Amino acid sequence: MNSVLSRLTFVLLSFCFSFSFAYAVEAMPASDDPVLEKRVMALSDELRCLVCQNQTLADSNADLAIDLRNQVRAQLKEGKSEREILDYMVKRYGDFVLYRPPVKASTYVLWYGPFILLILGVIVLVIKLRQRRKTMDQIPALSAEEQARAASLLNDTGRGE
Amino acid sequence: MITEIGHFALILALVMALIQGTLPLIGSLRANARLMALAKPVARGQFLFVVIAFGCLTYAFATNDFSLVNVAQNSNSKMPMQYKISAVWGSHEGSLLLWALMLAFWTFAVTIYSRRLPEEMLSRILSVMGLISVGFISFMLFTSNPFDRLIPAALDGRDLNPLLQDIGMIFHPPMLYMGYVGFSVAFSFAIAALIGGKLDATWARWSRPWTTVAWLFLTIGIAMGSWWAYYELGWGGWWFWDPVENASFMPWLIGTALIHSLAVTEKRGSFKNWTVLLAIMAFSFSLLGTFLVRSGVLTSVHAFATDPERGVYILAFLIIVIGGSLTLFAWRAPKVGLGSAFGVISRESFLLLNNVILTVAAASVMLGTLYPLFLDSLGMGKISVGPPYFDAVFAPLMAVGVFLLGVGPFARWKEASLAVLAKQLWPWLLVSVAIGVFIPLALGKWSAPVMAGIGLGVWAVLSTFAFLVTRVRETSGVGVLTKLRTLPRSTWGMLFAHFGIGIFVLGVSFVRTYEVTSEMRMQVGETTTVGGYAFRFLGVEGVTGPNYESSRGTLEVTKNGKILTTLHPEKRMYTVQKMPTTEAAIDTSIWRDLFVALGEPVGNDEWVVRIQHRPLIVWIWAGCLIMAFGGLLAATDRRYRLPAPRREMASGQALTAN
Amino acid sequence: MHRYLLPLGIFVALAIFLGVGLKLNPREVPSPLVGKAAPVFNLPQLHDSNKTIAPENLRGKVWLLNVWASWCASCREEHPVLVELSKKNIVSIYGLNYKDKREDGLAWLREFGNPYVASAYDNAGQAGIDWGVYGVPETFIIDKAGVIRYKHIGPVTPKALEEKMLPLIKVLNNE
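Residue numbers (our numbering), protein chains in the order written: chain A, 30 to 190; chain B, 5 to 662; chain C, 4 to 178.
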C-alpha cells in the first residue's frame with residue numbers, strides 16, 4: 030500500500046515537474062555578455078577580414094577573423110576605447126583593415142570630392158540656365174508664319190510629362 | 005555534335021555582326037540604299053545564330069555533356085535540372101554568351117519596333133550595336149570560349165557553386181543583363197544622332213521608351229540580387245557596396261538621370277548635349293562594370309575568373325567604344341543647337357537638378373569603388389573603402405534627391421514660382437516631418453538619420469497623392485474618376501516610380517534602425533522571444549538532398565500563444581565541392597521578416613541559433629518592383645504606341661536653326 | 004569647344020589607372036611594420052619548450068622570420084628554397100610555427116627538413132597578430148638594429164629570393 034502510494038506520488042510529482050519544465054525553459058544567449066557582444070560586432074563591422082577580403086570581421090568565419098574578434102572582445106573588456114582598438118588593428122595591418130577610410134591628405138579627394146562636385150554641379154547649372162535665358166532673349170522673334178508652323182509641330186511633340 | 009553546331013553558330017554570328025557593324029554604316033554615309041537595307045536582315049541573322057549557340061550550350065548542360073570544359077567545371081549530374089540550366093550563365097564564359105544573347109535580343113527588338121525611324125538613322129543604330137556585338141563575340145571566341153572541349157571528357161562535373169544553386173541565380177543575371185545591355189540601345193541612338201549631326205526632340209522621343217524599358221529591367225535585376233544575397237548568404241545583409249554591386253548601381257543611377265533628362269530634351273529640345281552625354285555614359289558604365297567584374301582589378305565576392313590577360317582585352321574594348329564615342333561627342337556636340345529656354349525655377353530645372361544629384365551620386369560611387377585602385381597605382385598605399393564611406397556620402401545626396409522628387413512634379417513647365425510651390429506643398433511637408441519625428445519617438449528609439457529617413461519616405465509617398473489631389477482639383481467639370489483615367493500613362497508611371505522610392509526609403513530606414521538580432525544557445529524544447537514572437541527549438545535532424553547533406557533544424561513560432569509557422573533553417577554540406585552553406589529560414593509578411601539561421605552545434609544537443617526580427621524589410625524590394633512597374637507604365641504610354649503622323653517630323657528636322 | 008573634351012579627358016585618365024591596375028594585386032596587403040621595430044614576443048621554442056626566442060636577443064645580426072605551419076600547403080612549396088638558403092650561411096633563418104600542434108610541427112620539419120636556427124611556437128597566434136600575419140607563409144627580413152626591413156607575402160620563390168631578398172640581405176649585412 031505504502032509503495033503504491035509513494036510510486037503514485039512519484040509519478041504525479043514528475044508529471045508536475047515535466048509540465049513546468051516544458052513551458053518555462055528559456056534559452057541562454059550564445060555569448061556570456063550580450064551587451065559586450067553587440068559592441069564587439071559593431072566594431073568588427075568597421076573592420077575588413079584580411080583572409081575573406083569581401084566580408085567584415087563581424088561576418089567572416091575565417092580563423093584569423095575569429096582570433097581578431099576575440100582580440101576586440103578582450104580589449105573592450107579591458108576598457109579600451111574604440112579608437113584605441115582600431116589603431117591597434119591599423120598598426121598591424123595598415124589602413125587596409127578599415128572599411129571607413131581615414132581622413133588624411135591622400136583621402137581628401139575621396140571624402141570631400143562628392144560634396145564639392147555637388148556644389149560645383151549646382152553652380153554650373155544655375156549659371157548655364159541664366160546664360161541661356163540671356164541668349165534666348167537676344168534672338169529675334171519668329172514671324173507670325175513661323176510661329177504658326179512651330180505651334181503645329183510642337184503640338185505633336187506630346188503633352189506628356 | 006551539338007557543341008560543334010553551337011560553336012559554329014557563334015562564329016557565324018560574329019560574321020553577321022561584322023557585316024552588320026560596317027556595311028549599313030558605310031551605306032548611311034554614302035546614301036547607298038542597298039547597303040543600308042542590309043541592316044535589318046543581317047541583324048536578325050546575328051540574333052538567330054546567337055540563339056542557336058546559346059541553345060546548344062544549354063543543351064550540353066541539360067544532357068550532362070562533360071566533354072565541354074564549361075559544363076565539367078560548372079555542373080554535376082546530381083544537380084537539379086533548373087540549376088543545370090542556370091549554370092549556363094554561372095561562369096565567365098557562359099555569362100558572356102548571355103551578354104551576347106541579350107545584345108542580340110535588343111538588336112532584334114530594334115529591327116522590329118523601328119517602323120518610324122528613317123533608314124539612315126536605323127542603319128547607323130544597328131551598325132553601332134553590331135560593332136558592340138563584334139567586341140563581345142570575338143572576346144568569347146578568342147579568349148573565353150564556352151565551347152572549349154575537354155579531352156578526355158570528365159566523368160562528372162565539379163558542380164556549380166552551392167551559393168548559386170538557387171532561384172535567384174535563375175532570374176537575377178538575365179534581368180540584370182537585360183538592363184545593362186539594354187542601355188546599348190540608347191547609346192546607339194546617341195551615336196547615330198551624333199554621326200548624323202541631327203540631335204533634336206524627336207531623337208529624345210525615340211530613345212525614351214527604350215531607355216525606360218532597359219532601366220526597369222535593371223531595377224528588377226538589382227533588386228533581385230539584393231534579395232537573393234539577403235536570404236542566401238545567411239546573415240541577412242542585403243547590400244554591401246561590393247565593387248560588383250556598385251558596378252550595376254552606377255549605370256542605374258546614370259540611367260535614372262537619363263530618363264529624366266530625356267524628358268527635358270523631348271519637351272523643350274534643350275540640353276541635348278547633356279542628354280547625349282548621359283546616354284553615352286549609361287552604357288559606358290555598363291561596360292566599365294563588365295571590366296571591373298572580369299579583370300581582377302578589384303576584389304569582390306562576385307568576381308568571375310580574374311585574369312589580367314582578359315582584362316587587357318576588355319580594357320582595349322572599353323577604350324575603343326567609350327573613347328571613340330566621347331571623341332565623336334567632342335567633335336560633333338558643339339554644332340548642336342540650343343533649344344528653347346526655360347526659367348531658372350521650372351520643371352525643367354528641377355529635372356536637371358535631379359540630373360546633377362544623380363550624376364554626382366554615380367561619380368561618388370565610382371570614386372569610392374576605384375579609390376583604392378587610384379592610391380595603389382600611385383604607390384600611395386592600400387586602403388579599403390566600404391559601407392561606412394558609402395553610407396556617409398550617398399545617403400545625404402539621396403536625401404536631397406528624394407526631397408526634390410516631391411517638389412519637381414508640381415513645378416510648371418517653363419516657368420514656376422517657388423512661392424506657389426511652397427503654398428501647394430507646405431501642408432504635406434509638415435505632415436511628413438511630423439510623422440518622421442513621431443514614429444521613432446513612439447517606437448522608443450530615435451536618431452536624426454532615422455527621422456530624416458522616415459520623413460523623406462513619407463514625403464515621397466505623400467507627394468504622389470498630393471499630385472493626384474492637385475490635378476483632380478485643377479481640372480474642373482469632370483468627375484474624379486474620369487480625371488484620373490485621362491491622366492496619361494507616363495504620368496502614372498512617374499507617380500508609381502516616385503511612390504516606389506518612398507516605400508524603398510521607408511523600408512531601409514526601418515530595417516536599419518529597428519531590426520533586432522538575437523543569438524541564443526538552444527537545447528531541444530527551449531524557447532526564446534524576439535520582437536514579440538516566441539521561438540521554440542524542436543531539434544535538428546539529418547536530411548539528404550539531391551547533391552547535399554543537411555542538418556535541418558525545426559523551430560516553432562508563436563505569437564500571443566497562437567502557432568504562426570514552423571521554420572526549418574539548414575546547414576548544408578554540398579558533397580562535390582565540399583562547401584558548407586547556411587540556408588536561413590524566413591517567414592515573410594508585409595510588416596516584418598522573421599529570419600532564423602543555424603549556427604554551430606555546441607556539445608550535447610545544443611545549437612547556436614540566430615534569430616532576427618526585421619521590420620518592413622520587404623518594402624525594400626517591393627519599392628523597387630513598384631518603381632519598375634512605374635517604368636513599365638511610362639514606356640507603354642499611348643504616344644509611343646501610336647503611328648507617327650508625319651514623315652517630315654520623323655526625318656529629324658532640327659526644331660531650332662542655329 | 005574645350006569643355007566638350009572634358010568627358011574624354013576624364014575617361015583617358017580613368018583608362019590609364021585601370022591599365023596600371025591590371026598589373027597590381029588588389030588582395031595583397033602591404034605591411035605597415037616595414038621600417039619599424041620588430042614587434043616584441045617571448046615564445047617557447049618548438050624543439051625545446053624550456054628555451055625561448057625573442058627578437059631582442061637577435062640584435063646585431065640580420066635574420067629572417069619565416070611564418071609556417073604543418074597545415075599550410077604553400078609552405079611545402081617554399082620549404083626546399085629555405086632549406087637551400089640555410090645551407091649557404093648568408094642569413095640566419097628563424098621560424099614562427101603559427102597556430103600549429105607541436106607534434107605536427109616537429110613531424111613536418113623531420114619530414115621536409117629544418118632550415119631554422121630555431122622555431123618559435125606560437126600556438127595562440129598572438130605573435131602572428133602582432134606581426135600583422137594574415138596568410139601563411141610570410142617571411143620578414145629584420146636588420147641588425149631589430150628593424151623590419153622587408154616582408155614577403157606568400158611562398159618564397161627562387162626568383163623573389165634572387166631579385167628582392169638576397170640583394171637587400173647583402174646590403175643589410177654590410178651595415
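Heads up, the beta-carbon is just placed ideally off N, CA and C, and yes, glycines get one too. None of the values given here were measured: they were computed from a predicted structure.
(request) Taking C-beta pairs closer than 7 Å, name the residues in chain A that Val397/B reaches, listed in chain order. (result) If you number the second sequence from 1, residue 397/B lands on position 393. By Cβ distance, chain A contributes Pro143.
(message) Quick check: what's the CA-CA separation for Lys257/C versus Arg30/C?
(response) Lying before the first or after the last residue shown, residue 257/C is absent from chain C, which here runs from 4 to 178.
(request) Note the first and the last residue of the continuous alpha helix (DSSP H) segment covering Gln50/B. (result) Along the second sequence, read from residue 1 onward, the residue named residue 50/B stands at position 46. Bounds of the alpha helix (DSSP H) holding Gln50/B are Ala43 to Ala66.
(message) Taking only three categories from DSSP, how would you classify Ser52/C?
(response) Numbered from 1 along the third sequence, position 49 holds the residue referred to as residue 52/C. Coil.
(request) Taking only beta carbons into account, state which residues of the segment 95-112 of chain A come closer than 9 Å to chain C, listed in chain order. (result) Result list: Asp96, Leu97 and Gln100.
(request) Following the continuous beta strand (DSSP E) through Met5/B, name the residue where it begins and the one where it ends. (result) Counted from its first residue, the second sequence places residue 5/B at position 1. For Met5/B, there is no enclosing beta strand (DSSP E), since its DSSP letter is neither H nor E.
(message) Tell me which residues share the same chain as Glu644/B and place their Cβ nearer than 6 Å to its Cβ, disregarding the 5 neighbours each side in the sequence.
(response) Locating residue 644/B in the second sequence gives position 640, where the first residue counts as 1. Reading off the sequence shown, one finds Tyr at residue 644/B, where the question assumed Glu. Cβ within range, chain order: Pro213.
(message) Can you find the residues in the same chain that come closer than 8 Å, C-beta to C-beta, to Arg62/C, ignoring five residues on each side of it along the sequence?
(response) Here residue 62/C is taken as the residue at index 59 of the third sequence, counted from 1. Excluding sequence neighbours, Arg62/C sits near Lys147, Ala148 and Gly149.
(request) With 9 Å as the threshold, decide whether the Cβ of Phe378/B is near any Cβ in chain C. (result) Here residue 378/B refers to the residue found at position 374 when the second sequence is read from its first residue. Closer than 9 Å to some Cβ of chain C, the Cβ of Phe378/B qualifies, so yes.
(request) Quick one: give me the first and last residue of the alpha helix (DSSP H) that Arg113/C is part of. (result) Residue mapping note: residue 113/C aligns to position 110 of the third sequence, counting from 1. In the DSSP annotation of this structure, the continuous segment of the alpha helix (DSSP H) that includes Arg113/C starts and ends at Arg105 to Phe115.
(message) Taking the straight line between their C-alpha atoms, what separation do you get for Gly123/A and Cys78/A?
(response) The sequence position of residue 123/A within the first sequence is 94, counting from 1. The sequence position of residue 78/A within the first sequence is 49, counting from 1. Each residue's alpha carbon lies about 12 Å from the other.
(request) Round the Cβ separation of Phe221/B and Met182/B to the nearest angstrom and send it over; I've been treating them as touching at under 8 Å. (result) Here residue 221/B refers to the residue found at position 217 of the second sequence. Here residue 182/B refers to the residue found at position 178 of the second sequence. Indeed, because the Cβ distance is near 4 Å, the residues count as touching under 8 Å.
(message) If you reduce the DSSP assignment to three classes, tell me which class Ile19/C lands in.
(response) Position 16 of the third sequence holds residue 19/C. Look at Ile19/C here: in three-state DSSP terms it is helix.
(request) Taking the CB atoms as reference points, tell me whether Gln527/B and Glu604/B lie closer together than 9 Å. (result) In the second sequence, counting from the first residue as 1, residue 527/B sits at position 523. In the second sequence, counting from the first residue as 1, residue 604/B sits at position 600. Against a cut-off of 9 Å, the Cβ pair of Glu604/B and Gln527/B comes out as no contact.
(request) Under the assumption that Ser230/B contacts Trp625/B (Cβ atoms under 8 Å), give the Cβ distance between them as a whole number of angstroms. (result) To locate residue 230/B, count along the second sequence from 1; it is residue 226. To locate residue 625/B, count along the second sequence from 1; it is residue 621. Right, their Cβ atoms sit about 7 Å apart.
(request) Let me know if His502/B comes out buried or exposed under the rule of 16 or more other beta-carbons within 10 Å of its beta-carbon. (result) The residue given as residue 502/B occupies position 498 in the second sequence. The residue in question, His502/B, is buried, as its Cβ has 16 or more Cβ neighbours within 10 Å.
(request) Going by CA-CA distance only, name the one from Pro58/C, Gly135/C, Tyr101/C and Lys90/C that's closest to Ser73/C. (result) Taking the first residue of the third sequence as position 1, residue 73/C is located at position 70. For Ser73/C, the closest C-alpha among the options Pro58/C, Gly135/C, Tyr101/C and Lys90/C is that of Tyr101/C.
(request) List the DSSP bridge partners of Ala121/C. (result) Sequence index remark: in the third sequence, residue 121/C carries index 118 (1-based). In the DSSP output, where bridge partners are listed per residue, Ala121/C has Tyr97/C.
(request) My understanding is that Leu49/C touches Gly108/C, with C-beta atoms under 8 Å, so please give their C-beta distance in whole angstroms. (result) On the third sequence, position 46 is the one that residue 49/C refers to. On the third sequence, position 105 is the one that residue 108/C refers to. Rounded, the Cβ-Cβ distance is 6 Å, consistent with contact.
(message) For Phe48/A, which residues in the same chain have their Cβ closer than 7 Å to its Cβ, ignoring the five residues on either side in sequence?
(response) Numbered from 1 along the first sequence, position 19 holds the residue referred to as residue 48/A. Below a pLDDT of 50, predicted positions are generally treated as unreliable, and Phe48/A, at 43, falls in that range; no measurement from the model is reported.
(message) Can you check which of these residues, Pro140/C, Gly24/C and Gly128/C, is closest to Glu81/C by C-alpha distance?
(response) Numbered from 1 along the third sequence, position 78 holds the residue referred to as residue 81/C. Nearest in C-alpha terms to Glu81/C, of all of Pro140/C, Gly24/C and Gly128/C, is Pro140/C.
(message) Could you tell me the alpha carbon to alpha carbon distance between Pro47/C and Thr55/C, rounded to whole angstroms?
(response) Against the third sequence, residue 47/C aligns to sequence position 44. Against the third sequence, residue 55/C aligns to sequence position 52. One C-alpha to the other measures close to 4 Å.
(message) For a contact defined as C-beta to C-beta under 8 Å, what are the partners of Leu85/C on chain B?
(response) Translated into positions along the third sequence, residue 85/C becomes position 82. Per Cβ cutoff of 8 Å: no residues; Leu85/C is ~27 Å from chain B at best.
(request) Would you mind telling me which residues of chain B sit closer than 9 Å to Val54/A, beta carbon to beta carbon, in chain order? (result) By 1-based counting over the first sequence, the position of residue 54/A is 25. Those within 9 Å of Val54/A in chain B are Gln527, Gly529, Glu530 and Thr531.
(request) Assign Gln100/A to one of three DSSP states: helix, strand, or coil. (result) As a working note, residue 100/A is residue 71 in the first sequence. Three-state result, Gln100/A: helix.
(message) Quick test of your reading: Gly240/B and Thr586/B, contact by CB under 8 Å. State the CB separation rounded to the nearest angstrom.
(response) Numbered from 1 along the second sequence, position 236 holds the residue referred to as residue 240/B. Numbered from 1 along the second sequence, position 582 holds the residue referred to as residue 586/B. Between the beta-carbon of Gly240/B and that of Thr586/B there is about 11 Å, and that puts the pair past the 8 Å contact cut.
(request) Take the Cβ of Thr468/B as the centre, count every other Cβ of all protein chains shown within 10 Å, and call the residue buried at 16 or more, exposed below. (result) Taking the first residue of the second sequence as position 1, residue 468/B is located at position 464. Buried, since its Cβ has 16 or more Cβ neighbours within 10 Å.
(message) Within 10 Å of its beta-carbon, does Phe50/A have 16 or more other beta-carbons around it, so buried, or fewer, so exposed?
(response) Indexing the first sequence from 1 puts residue 50/A at position 21. Unreliable positioning characterises Phe50/A in this predicted model, as indicated by a pLDDT of 40, which lies under 50. The coordinate reading is nonetheless provided below. By the neighbour-count criterion, in which 16 or more other beta carbons inside 10 Å mark a residue as buried, Phe50/A falls on the exposed side.
(request) State the CB to CB distance for the pair Gly327/B and Phe115/C, rounded to an integer number of angstroms; the pair is presumed to be in contact (CB under 8 Å). (result) The residue labelled residue 327/B in the question sits at position 323 within the second sequence. The residue labelled residue 115/C in the question sits at position 112 within the third sequence. Contact between Gly327/B and Phe115/C does not hold, since their C-beta atoms are separated by about 53 Å, which reaches or exceeds 8 Å.
(request) Taking a Cβ distance cut-off of 9 Å, strictly less, list which residues of the segment 5-32 of chain C are near chain A, in chain order. (result) When CB distances to chain A are screened at a threshold of 9 Å, the residues of the segment 5-32 of chain C falling below it are Pro29, Arg30 and Val32, in chain order.
(request) Note down, one range per segment and in chain order, each alpha helix (DSSP H) of at least 4 residues found wholly within the segment 587-658 of chain B. (result) Segments of the alpha helix (DSSP H) lying fully in the segment 587-658 of chain B: 622-639, 642-645 and 651-654.
(message) For Phe70/B, list the residues DSSP reports as bridge partners.
(response) As a first step, residue 70/B is located in the second sequence; it is residue number 66 there, counting from the start. None, per the DSSP bridge assignment.
(request) Please decide whether Tyr137/A counts as near chain C, where near means a Cβ-Cβ distance under 9 Å. (result) If you number the first sequence from 1, residue 137/A lands on position 108. Among the residues facing chain C, Tyr137/A is not included, as its CB has no counterpart in that chain under 9 Å away.
(message) Buried or exposed, going by whether 16 or more other CB atoms sit within 10 Å of the CB of Asn60/C?
(response) The residue you call residue 60/C lines up with position 57 of the third sequence. Answer is exposed; the Cβ neighbour count stays below 16.
(request) Apply the 10 Å Cβ neighbour rule to Phe146/B and answer buried if 16 or more other Cβ atoms are within range, or exposed otherwise. (result) The count along the second sequence starts at 1 and reaches residue 146/B at position 142. By the neighbour-count rule (16 or more Cβ atoms within 10 Å), Phe146/B is not buried but exposed.
(request) Give every residue of the same chain whose Cβ lies closer than 6 Å to the Cβ of Gly557/B, excluding the five residues on either side of it in the sequence, and list them in chain order. (result) Along the second sequence, read from residue 1 onward, the residue named residue 557/B stands at position 553. Contacts found: Val544, Pro573 and Leu602.
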